[in-house]
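Chemist:
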Amino acid sequence: MSNMTQLKNIYDSNLRNGKTYMLTEEQFNKAKEEATATGFQTGRNDAILEATHRQETLQRELLYNLQLSVEKSIEEQNALHAKICNLILSLTLALFRKTFPAYSVQAGEKEITTFIHSQIAQLKDLPELLITVHPDRLDGIKNACSQIISKLSLKLQISVKPSEDFELTDCLISWESGYIEKRLNNIINDLSALLFEVNNESTPE
Numbered sequence: 001m002s003n004m005t006q007l008k009n010i011y012d013s014n015l016r017n018g019k020t021y022m023l024t025e026e027q028f029n030k031a032k033e034e035a036t037a038t039g040f041q042t043g044r045n046d047a048i049l050e051a052t053h054r055q056e057t058l059q060r061e062l063l064y065n066l067q068l069s070v071e072k073s074i075e076e077q078n079a080l081h082a083k084i085c086n087l088i089l090s091l092t093l094a095l096f097r098k099t100f101p102a103y104s105v106q107a108g109e110k111e112i113t114t115f116i117h118s119q120i121a122q123l124k125d126l127p128e129l130l131i132t133v134h135p136d137r138l139d140g141i142k143n144a145c146s147q148i149i150s151k152l153s154l155k156l157q158i159s160v161k162p163s164e165d166f167e168l169t170d171c172l173i174s175w176e177s178g179y180i181e182k183r184l185n186n187i188i189n190d191l192s193a194l195l196f197e198v199n200n201e202s203t204p205e
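Note that UniProt numbering has the sequence shown beginning at 1, numbered continuously upward.
1. Considering only DSSP beta bridges, list what K182 is partnered with.
2. Taking DSSP as the reference, what is the three-state secondary structure of L66?
3. How big is the Cα-Cα spacing for N45 and N78?
4. Would the beta-carbon of L126 fall within 7 angstroms of that of S174?
5. Span of the beta strand (DSSP E) holding L129?
6. On a CA-only basis, which of I116, G178 and I112 is nearest E152? Give me that one, please.
7. Is the beta carbon of residue 218 sitting closer than 7 angstroms to the one on Q119?
8. Just verifying my parser: in three-state terms, what is the DSSP assignment at S159?
9. Let's test the definition: count the other Cβ atoms within 10 Å of the Cβ of I48 and tell me whether it reaches 16, buried, or not, exposed.
10. Using the beta-carbon count (16 or more within 10 Å), is T114 buried or exposed?
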């Protein structure tokens with residue numbers, strides 16, 4: 001039992017008995033020292049608790065800020081990745097748009113003939129087909145169609161007409177109820193759309 005507790009018990013007992021109790025100088029000094037020590041320890045404990053609380057708060061703030069920084073960095077890297085991929089894809093398609101037509105012009109008549117042959121094999125039961133091509137392809141395609149009809153022994157009537165709106169690689173086969181076409185720009189545009197769609201789907205979010 002501490003000195004302060006003993007003194008309090010004595011004081012309370014005397015007070016109940018109607019007695020007055022005077023502290024000796026030694027008791028007073030001991031009580032003062034004990035009170036000072038108790039106050040110091042209480043203040044020290046409070047300071048430690050406050051410092052611990054501040055440290056925990058600071059750690060939580062640091063972790064939260066670190067999380068925000070990491071998330072922002074990931075978003076920026078993903079955006080940069082998507083931008084680089086789209087740039088590479090755009091440059092590739094731009095190069096393709098310049099080189100593929102030149103190749104197609106060189107191999108154009110053969111490609112058109114192959115296209116017509118494959119379609120006529122499926123449309124052979126129709127009475128008549130109209131084929132539209134670039135003016136410079138007119139004679140070559142007429143000859144090719146005659147050879148196809150002769151080779152397949154078809155009764156199908158085929159007419160070939162020119163159009164200035166067509167590229168050297170283009171071909172349109174039409175009949176009474178429908179048509180099918182081979183257009184270079186359509187091929188390039190469809191390919192471009194497909195590549196960008198695949199790229200966007202594969203880009204991390």
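Glycine is no exception: its CB is placed at the ideal position from the N, C-alpha and C atoms.
Modeler: Looking at the atomic coordinates:
1. Position 182 of the sequence shown, counted from the start, is the residue given in the question as residue 182. The partner list for K182 (beta bridge, DSSP) reads C171.
2. By one-based count along the sequence shown, residue 66 stands at place 66. Helix.
3. On the sequence shown, position 45 is the one that residue 45 refers to. On the sequence shown, position 78 is the one that residue 78 refers to. Each residue's alpha carbon lies about 49 angstroms from the other.
4. Counting from 1 along the sequence shown, the entry for residue 126 is found at position 126. Counting from 1 along the sequence shown, the entry for residue 174 is found at position 174. Against a cut-off of 7 angstroms, the Cβ pair of S174 and L126 comes out as no contact.
5. Taking the first residue of the sequence shown as 1, we reach residue 129 at position 129. DSSP places L129 in the uninterrupted beta strand (DSSP E) bounded by E128 to V133.
6. In the sequence shown, counting from the first residue as 1, residue 152 sits at position 152. It should be pointed out that residue 152 corresponds to Leu in this sequence rather than to Glu. The candidate whose alpha carbon is nearest that of L152 is I116.
7. With the chain represented from 1 up to 205, any question about residue 218 goes unanswered, as that position is not in the structure.
8. Here residue 159 refers to the residue found at position 159 of the sequence shown. In this structure, S159 counts as strand in the three-state DSSP scheme.
9. As a first step, residue 48 is located in the sequence shown; it is residue number 48 there, counting from the start. Under this definition I48 is an exposed residue.
10. Locating residue 114 in the sequence shown gives position 114, where the first residue counts as 1. It counts as exposed.
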